Every structure is written in structure tokens, then in C-alpha cells.
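Letter by letter, the sequence shown follows residues 177 to 900 in the working numbering.
Okay, structure first, notes after.
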Amino acid sequence: SYDTFSMPDPPQSEAKSSLSVPGQSNGSAGATNGNSRFATFQTGSDEEVRQSRVTFNDDRVNIEGIQEYDDRNQGSVAHQFEMDDPHREQWDNKTQFYMGVISYAVGLGNVWRFPYLCQKNGGGAFLIPYAIMMVLGGLPLFLIELGIGQRLRTGPVGVWNAIHPNLGGIGVSEAVVSYLVALYYNVIITWCLYYFFRSFTWDLPWASCPQINGTDVVECAKSSSPTSYFWNRDALQTSGSIGEVEGFNMHLLLSLIVAWVLIYLCVMKGIKSSGKVMYATATFPYLVTTIFFLRSITLEGAIEGFSYMFHPDLKMLYDPNVWLDAATQIFYSMGLGFGGLIAFGSYNPLKNNCVRDVKILAAVNLATSFYTAAVVFCVLGYMAHNNMHSCIEGDMMKMTEVYPALFPTFDAVRDAFTDDGWKELMASDFVGKYELMQNVSAKCDYHKIITEAAEGTGLAFVVFTEAIIKFPFPPLWSFLFFLMLISLGLGSMFGTLEGVITSLNDSQLIQLKKPVLTAILCGSACFIGLIFATNAGQYWVSLFDHFAGSYGLMCVAFMEVIAVIYVYGYERFVRDIEFMSGEKLSQYWIFTWRFISPLIMSLLFVTSVVSCFNKLPTYYTYDKETAKLKETEYPPWALWIALFMVILAISPLIIVFFIRKFKIIAAEPNIPAAAKRLNATQSTTYMLKSEQSFNRMTESSVSVMMTETAHGPERTPQQPSHSA
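Structure below.
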């Protein structure tokens with residue numbers, strides 16, 4: 177066998193893209209056919225390859241000269257193998273592909289994660305690093321995943337095995353990360369289902385505090401709003417910490433099972449079933465979001481909230497954590513590093529303009545983030561306006577205590593000052609006749625109030641429910657809103673699970689039909705996810721959200737760029753993209769692939785690890801006494817679980833490399849047969865496959881030795897080999 181192929185200058189009669197293997201020439205038909213680019217293989221024995229020349233075109237591998245032995249004839253025959261796998265599932269049309277990717281990439285993170293990061297990191301200032309990270313990191317990796325999946329026509333595991341067997345761990349890590357994220361992501365759908373079912377009533381249960389003997393429950397009265405109390409005490413029945421499990425929350429347990437059954441029914445038949453469902457999951461959220469925007473923009477204080485989104489606090493740009501948050505959000509909002517985009521790209525036809533697809537889908541994703549953030553900030557502005565008004569009224573009550581002679585009643589203060597007039601007093605620090613208020617005033621700060629309005633999942637389950645009860649006929653708005661969240665969550669879950677299922681199918685490690693395999697995955701995830709249906713479930717979701725995906729995603733994304741650009745070769749990949757898209761790539765893509773993107777991801781990983789050592793990770797716990805959230809450090813045992821999840825996501829990269837590099841395990845069905853037989857490089861391995869999916873090499877590829885052995889009669893060791 178030969179380690180590498182050489183590229184000699186071909187004769188004028190042959191195509192310039194022919195690839196030759198050292199050996200004796202024989203003047204076969206393939207060598208003299210000037211109009212075709214055939215691959216010629218002839219075998220002399222089981223130990224060596226002789227008289228072999230590989231010629232090929234962009235979408236077909238043609239092998240001529242393989243000796244076949246049967247009772248009828250002997251001699252050279254030609255073998256042609258299409259790059260497209262006719263048995264592989266494909267999108268019905270281009271629109272279905274767009275709907276699938278939009279459903280996958282545009283999810284719950286666009287509703288609550290992106291707006292939360294905006295308000296946390298300086299309002300409009302966060303849009304600057306987010307847009308920069310989108311251009312320098314998100315777009316290049318987006319094209320890598322869609323392009324390599326479309327070119328090699330296989331899922332996440334098969335793609336990296338095709339590039340080089342030692343890199344097969346990338347696909348495994350992608351599948352592990354996708355599975356871990358799916359575990360807790362579906363819990364958010366579970367919460368949405370519970371709120372959705374509770375919307376079928378004339379009076380929403382979170383519209384007011386529950387009462388005992390005609391008086392509000394004390395804990396609810398202490399909370400910031402009835403919606404906050406309902407979220408923590410009714411919906412989640414939240415315990416005091418992550419270690420206080422306190423048994424199952426039965427209504428959430430039932431909702432969790434229903435959520436996984438829905439996922440199974442939509443995904444079980446593959447993209448033919450989930451692709452059609454994605455028409456609804458991709459378009460319906462935009463309809464509801466538009467309705468909410470038109471309604472929320474008319475709320476009192478909405479304009480102030482909307483303007484706050486675009487009012488940048490440029491000092492925040494000096495904080496490296498702002499840039500880290502922006503880059504991490506890119507991975508979540510675009511679905512990068514999970515393998516789902518590779519799977520979706522593999523269902524496209526080979527001749528498809530994936531460059532145009534990337535530009536369109538990235539623009540849609542970016543616009544969606546801004547659009548949903550605008551709706552959220554309108555609602556936040558409304559809540560902040562109400563909270564600011566309540567804070568001012570609290571100060572006015574104190575005025576009656578400090579100056580009882582001037583203002584004997586609250587109404588007297590209210591008549592003397594408007595909200596704007598009181599704001600002017602606070603701005604002047606009560607200098608003048610009301611100096612005694614300096615030490616007792618709450619100094620109501622609108623900026624602080626709007627940034628503390630809500631965070632994370634609270635944006636969907638506290639902020640919006642607060643706004644919904646102010647709308648005309650609240651049950652209708654609640655029904656539409658949570659149906660939208662369910663649609664967003666289901667769309668993202670389709671792509672996340674598709675990456676796992678496609679990886680397992682392509683690896684052929686599990687020989688099961690897709691409905692059965694999907695049932696096993698959904699069933700196991702539902703079983704593991706039981707921890708999320710306990711009273712401490714909210715805290716476990718925070719733990720998974722913080723650790724399950726972030727570190728693994730950064731490592732996977734970095735290795736993806738290295739694998740495609742430096743192992744597969746950026747020049748080859750550029751030719752592939754130009755062949756598929758029919759347009760020439762600009763230097764922007766090449767420069768970001770080769771230098772900028774790997775550097776950004778390296779810095780992100782190092783920065784995130786260092787930040788964990790500088791300050792222990794924390795989460796928010798609910799205090800029943802004060803009805804408030806308080807920041808709490810994770811216990812040591814929880815951090816060990818977090819470390820286990822990170823290692824579980826990253827370890828396949830290292831384990832698969834060492835297993836294959838040092839041949840620790842002899843039998844591996846997902847290593848390309850061509851790579852096993854010929855010890856081919858990543859470039860030549862690509863040309864030896866009979867189907868684009870390398871993981872199917874063991875079934876249908878033409879390995880020189882295997883073909884001859886399969887078709888030829890038994891030969892004694894003394895029998896000479898046949899040659900043309």
C-alpha cells in the first residue's frame with residue numbers, strides 16, 4: 177500500500193484533475209479516453225496496488241480496471257459511483273430547508289437570552305460586540321458547517337471521519353453536546369406547556385395574589401408581583417437550593433412527558449415529517465411577535481424601554497465579559513457547534529448556493545434577535561415605568577412622615593408633585609427646603625430598575641405574563657404567547673435531536689430504524705430529565721445551561737475550523753464551495769477562516785476558564801421569607817457534576833484521536849475502508865469513497881482488495897495475479 181498519492185503532469189488527452197497512484201502504466205481504456213476522467217485501479221495481489229491511476233470529477237468517482245472474476249468473463253471493468261446518495265433523505269424544496277434552519281437557529285434564546293444580555297451588558301452597547309462577533313466568528317463557522325455537510329453528504333460523525341479518521345471525535349462531541357443541551361432545553365418547553373394549559377380560563381391564575389380569609393398570602397404580598405409569586409411558588413414550587421430536591425412536581429412531571437412525546441412524534445420520520453412541521457414552527461412565532469410588538473409599543477413607558485435598548489453605555493465595551501457573552505450568544509442563537517447545521521446541509525443537493533443561504537439565514541437570525549429584543553424592551557419599559565411610579569409613590573409616603581406639617585396626607589404630596597417633578601427633586605438631591613429627604617429617599621434610578629426587571633427565563637415567565645394581564649382579554653394573549661414559545665422550542669429541538677440521530681445513523685454503530693432510535697433517545701432523555709421535574713428543577717436547568725454546552729461548544733467550534741481549514745485544506749474547501757455555489761469566494765472568508773476565527777475561539781475558551789477560577793460560579797435561589805432571589809455559590813458537589821459534563825463533552829475529541837492514532841482498538845466500523853486499506857491522506861481518502869458518507873464504506877465502497885476478494889474465485893498463493 178502507498179501512504180500518499182502523487183500528482184504528475186497529465187497528458188494533454190487527460191483531465192487536469194486526474195490523480196495518479198505510483199505503479200506501472202498499462203494503457204487501459206480509462207487512460208486513453210480524453211473526454212472522461214476515470215479512476216483506474218488494478219490489483220496484483222492482496223498486498224499491493226499496481227498500475228493504478230485515479231481520475232475523478234466534482235460529483236462522481238469513476239473507477240476503471242478493477243479485476244472481477246466470475247464464471248462468464250475476466251478483465252477490466254469500469255465502476256462509477258455518484259457522490260449523491262440516492263437513499264439519503266433530502267429536503268422537498270429550498271423553502272423547507274430555510275424553514276428548518278430558521279426553526280433550529282431561531283429559538284427561545286432569541287426571546288429571553290439575547291434581551292437579558294442586552295440589559296445586563298449596557299443596553300445598546302451589547303449590540304456592538306454582538307455584531308462584530310457575528311461577522312468575525314458566526315458567519316465563517318456557519319458556512320463551514322453548512323458547506324462541509326452539503327459537500328460530503330453525511331452527518332456530523334461522518335463528516336469528520338471523512339476529513340480524517342483521527343478527527344472523528346469532533347462529531348461525537350457534537351452529538352454529546354446536542355444531547356446534553358436537549359435534556360434541559362426541553363424543560364423550558366415543559367414550563368411553556370404548563371402555562372399554556374393554565375391559560376384556558378377566564379381569569380389567569382397569575383393575575384392576582386391568592387387569598388386566605390380574604391387577605392393576600394403574605395409571601396405573595398412581599399414579592400415584586402403576583403406573576404413572580406406564581407412562577408416560583410405555583411408553577412415550579414421552588415425549593416431553597418439546588419440540593420433541596422423535595423420530591424417531584426407532579427404537574428411538571430406530566431408536562432415533561434407530554435413534551436418528549438411531542439418531540440418524538442415530530443422527529444420520528446426524519447426530515448420528511450419534521451420538515452413539514454417546521455413550516456409552522458418557523459413562521460408562527462413571527463406572526464405572534466408582530467402582534468405583541470404592535471400591542472406593546474402602545475403601553476405606557478414602552479418608548480423609554482425601546483430607546484434604552486439603543487442607548488449604549490460605551491464603558492461596558494472595556495469589560496471582556498461583555499465580549500465573551502456576545503460570542504457565546506452567537507453559538508446559541510445560530511445553532512453552531514451542535515452538528516444540526518451539518519445534518520441539515522447534508523440533506524441539500526450538491527449543487528446549491530450555500531454561500532447565499534448563509535448570508536440570508538444569518539441576516540434573518542440577526543434581525544430576529546433585534547426584533548424580539550425590541551418587543552421585550554417595550555415590555556420591560558412598561559414594567560420599569562410602573563416600578564418607577566411605585567418607587568416614587570413610596571418616597572412620597574416618606575415625605576408625609578418627614579414633613580407632616582407641610583404634607584399631612586399622601587394626596588397632599590401627590591397634588592404638589594408630578595412624577596417628573598419628583599425626578600427633578602431626586603436629581604438635585606433634594607437641595608433646598610426638602611434636604612431632610614436626602615437620607616430617607618430611595619433615590620429611584622430608572623436605569624437600575626430596568627436592568628433588574630427580570631433575567632433569563634424570568635423574561636418569558638415573569639415579564640411577559642405581567643404584560644399579558646394588562647392586555648385586553650388576557651387569556652387570548654397568553655394562549656398565543658405560550659403557543660409561540662412552544663413553537664420556538666420545538667423548532668430548535670428538531671435540529672438539536674437531528675444532529676444526534678443523524679450521527680448515530682451515519683456511524684452505523686446502532687442498526688435500528690429511525691422511529692425506534694428516536695424513541696430510545698427521547699425515552700432516555702425523559703428519564704434523565706426527571707431531575708428537572710423536582711422542586712429544585714429550576715436550579716438544575718441553570719447548572720446545565722451554564723456548563724453543559726458553553727465549554728464544549730467552544731472546543732468543538734475551534735476543532736471544526738482546524739479540521740476543515742488546516743486538515744481538509746482551505747484551498748480544497750474554497751474550491752468545493754465555489755463549485756457548489758457557482759460563485760467566487762471573497763478574501764473575507766479565507767482570512768477569517770485561517771486566522772481570525774481560530775484566534776477568537778482560543779481567547780474565548782481561555783478567558784472563560786480563567787473567569788471561573790477568579791470567581792466561583794453562582795446561581796439565584798429563591799428565599800421564601802423575603803420572596804426575593806439571592807445570588808448563591810454552587811456547592812462543591814454541583815461543580816463536580818458540572819466538571820463531569822464538560823469532560824463528557826470534550827473527551828471524545830481526545831479519546832478518538834488516541835484510539836485511532838495508536839490503533840488501540842482494531843475494529844471500528846466508522847473508519848473509512850479506503851483509509852484502512854491504503855493509509856490514504858485526508859485528501860485522497862475523499863476521492864476513494866463510493867458514497868459521500870464515509871461511514872457507509874464498509875457496505876458499498878470499492879476497496880481494491882475487498883472488491884477483488886469479493887468477486888474473484890479462490891486462488892492459491894502460487895497463482896499469478898491477473899493484469900490487464
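Glycine residues also receive a C-beta, built at the ideal position from the N, C-alpha and C atoms.
This one's a predicted model, so the numbers in the text were calculated from it and none came from an experiment.
| Check | Outcome |
| --- | --- |
| Does the Cβ of M573 have 16 or more other Cβ atoms within 10 Å, making it buried, or fewer, making it exposed? | exposed |
| Evaluate P828 with the Cβ neighbour count: other Cβ atoms within 10 Å of its Cβ, from every protein chain shown; 16 or more gives buried, anything less gives exposed. | buried |
| Between D392 and C385, is the Cβ-Cβ spacing less than 8 Å? | yes |
| Determine, using beta carbons only, whether W816 and F637 come nearer to each other than 8 Å. | no |
| Label N497 either buried or exposed according to how many other C-beta atoms from any shown protein chain fall within 10 Å of its C-beta, with 16 as the threshold for buried. | exposed |
| Can the beta-carbon of A358 be found closer than 8 Å to that of M669? | yes |
| Beta-carbon separation of L356 and F720 under 8 Å? | yes |
| Kindly indicate which three-state DSSP category V392 falls into: helix, strand or coil? | Per the sequence presented here, residue 392 reads as Asp, with Val not at that position. DSSP places D392 in strand when its eight states are reduced to three. |
| Starting from Y798, trace the beta strand (DSSP E) both ways and give me its first and last residue. | 794–799 |
| Taking the straight line between their C-alpha atoms, what separation do you get for M660 and Y371? | 12 Å |
| Bridge partners of T504, per DSSP? | Answer is none; T504 lacks a bridge partner. |
| What is the C-beta distance between L556 and I473, in whole angstroms, given that I count them as a contact (C-beta under 8 Å)? | With a Cβ gap of about 13 Å, L556 and I473 do not count as contacting. |
| Is the separation between the beta-carbon of H565 and that of D596 shorter than 8 Å? | no |
| Name, in chain order, the residues that DSSP records as bridge partners for T710. | F424 |
| What is the DSSP secondary structure of E754, reduced to helix, strand or coil? | helix |
| Relative to the C-alpha of G345, which residue among H623, T768, F318, S679 is closest? | S679 |
| So if DSSP puts T808 in a beta bridge, which residue, or which two residues, is it bridged to? | Y795 |
| What is the rounded straight-line gap between the Cα of V287 and the Cα of V552? | 8 Å |
| In this structure, does DSSP put F181 in helix, strand or coil? | Note that F181 has pLDDT 41, beneath the 50 cutoff, so the model's placement of it is unreliable and the number below is only indicative. Of the three classes helix, strand and coil, the one that applies to F181 here is coil, per DSSP. |
| Identify whether Q687 lies in helix, strand or coil by the three-state DSSP scheme. | coil |
| At the level of alpha carbons, what is the spacing between R327 and L412? | 46 Å |
| Between the stretch 308–322 and the stretch 501–516, are three or more C-beta pairs nearer than 8 Å? | yes |
| Using the three-state DSSP reduction, which class does Q272 fall into: helix, strand or coil? | helix |
| In chain order, what residues of the same chain lie with their CB nearer than 6 Å to the CB of G521, ignoring the 5 residues before and after it? | L322, G325, Q326 |
| Can you give me the C-alpha to C-alpha distance between S354 and Q266, rounded to a whole angstrom? | 22 Å |
| Would a C-beta distance cut-off of 8 Å place A709 and L493 closer than the cut-off? | no |
| Unbroken alpha helix (DSSP H) runs of length 4 or more, entirely within the stretch 306–369: which are they? | 315–328, 332–339 |
| Quick check on the DSSP output: what are the complete alpha helix (DSSP H) runs of length 4 or more inside the stretch 575–612, in order along the chain? | 586–592, 595–603 |
| Rounded to the nearest angstrom, what separates F658 and I388 at their Cα positions? | 29 Å |
| From F514 to W598, what distance separates their C-alpha atoms? | 52 Å |
| Can you give me the start and stop residues for the alpha helix (DSSP H) that E759 sits inside? | Here E759 belongs to no alpha helix (DSSP H), and DSSP marks it neither H nor E. |
| Relative to the C-alpha of I823, which residue among L775, Y810, G728, K806 is closest? | G728 |
| With distances taken Cα to Cα, identify the nearest neighbour of A478 among N529, M559, V437, W436. | M559 |
| Beta-carbon within less than 8 Å of F906's beta-carbon, same chain only, minus the 5 sequence neighbours each way: which residues are those? | The structure shown does not extend to residue 906, since the chain spans only 177 to 900, so no value can be given for it. |
| Taking 8 Å as the cut-off, does the stretch 531–549 touch the stretch 766–776 (at least 3 CB pairs, one atom from each stretch)? | no |
| In whole angstroms, give me the CA-to-CA distance for V540 and D268. | 21 Å |
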